[in-house]
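Going by my numbering, the first residue of the sequence shown is number 103, and it counts up by one from there.
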Amino acid sequence: MKLVLNIVIFLVIYPNFIISFGYEKYFDDSNRLILLGQCSVNDWFSETGWNIVAAESYQTDKIQIDRIKELVNTGDISFVIIAGSWCGDTKSELPKLIKIFDECNIDSVQYRIIGVGRDKKITDTDIDNIEIKLVPTLLIYKELELVGKIEEFPEYSWEQDIVIVLEE
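See the structure below:
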């Protein structure tokens, strides 16, 4: 009974704070949704209300897509997307990355999305020692070793920049 009472008190005091499936969500002082921690693609787009099909107009480079497929199939490659639910750049770029991953047949097991607040601090994950200055940031791993970081926007295109990192 005491546990139930404590939960009720917590929810009354912190009504905008919810913990679910490894990520936290709350609303900042401007009433903007902040997602913190690891989220699935479905959770991210469901929570934010963003339209994942927003990237339909993004034309991927088929040559680079094929090259990414080859490179991903040759080794233990994984990706981490550091994203801000409060960030317009994340809103425009995250759907493009998901589209690229889908076209490359990169399974959701090979990538994850980690939400950060405006301070861009990563906590309670295996990558909390990585400094993040801009979001979105794509971290690229080969055999669990960080081999590349693409911050905010790619230099050429997401596909070409991923290929450049994977070919190094």
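No residue lacks a Cβ here, since even glycine has one placed at the ideal position from N, Cα and C.
Bear in mind the structure is a predicted one, so any value in this text is a computation, not a measurement.
- Please check if any C-beta of chain B sits within less than 7 Å of the C-beta of Glu158. The structure shown has no chain B; it contains just one protein chain.
- Candidates Gly217, Lys127, Ile202 and Glu254, of which the one nearest Ile165 by Cα: Ile202
Just verifying my parser: in three-state terms, what is the DSSP assignment at Glu270? coil
Ends of the alpha helix (DSSP H) at Thr150? Val143 to Thr150
Rounding to the nearest angstrom, what Cα-Cα distance links Trp188 and Leu135 in this structure? 6 Å
DSSP bridge partner residues for Gly250 (one or two, in chain order)
Ile242
- Query: Taking Pro286 as the reference, which of Trp152, Arg169, Ala157 and Pro238 has the closest Cα?
  - Reply: An answer regarding residue 286 cannot be provided, because it is not within the stretch 103 to 270 covered by the chain.
Could you give the C-beta distance for Val218 and Gly186, rounded to a whole number, given that I count them as a contact under 8 Å?
6 Å
request  = Identify which residue in Glu247, Glu269, Tyr243 and Gln262 has its Cα closest to the Cα of Phe181.
outcome  = Tyr243
query: For the beta strand (DSSP E) that Val182 lies in, which residues bound it at each end?
result: Ile179 to Ala185
Of the listed residues Trp146, Glu158, Ser159 and Val155, nearest to Ile215 (C-alpha basis) | Trp146
**Asked** When the distance is taken between beta carbons, is Ile184 closer than 7 Å to Asp252?
**Response** In the sequence under discussion, the amino acid at residue 252 is Ile, which differs from the Asp named in the question. No, they are not a contact pair.
Problem - Assigned exposure category for Ile150 - 16 Cβ within 10 Å defines buried - result: Per the sequence shown, residue 150 should be read as Thr rather than Ile. Per the 10 Å Cβ criterion, buried.
What does the Cβ neighbour count give for Glu261, buried or exposed, with the cut at 16 atoms within 10 Å? buried
By how many angstroms is the C-alpha of Leu173 removed from the C-alpha of Asp263? 13 Å
Problem - Close-in-space but distant-in-sequence residues of the same chain around Thr162 (CB under 7 Å, 5 per side omitted) - result: Lys201, Ile202, Glu205 and Glu261
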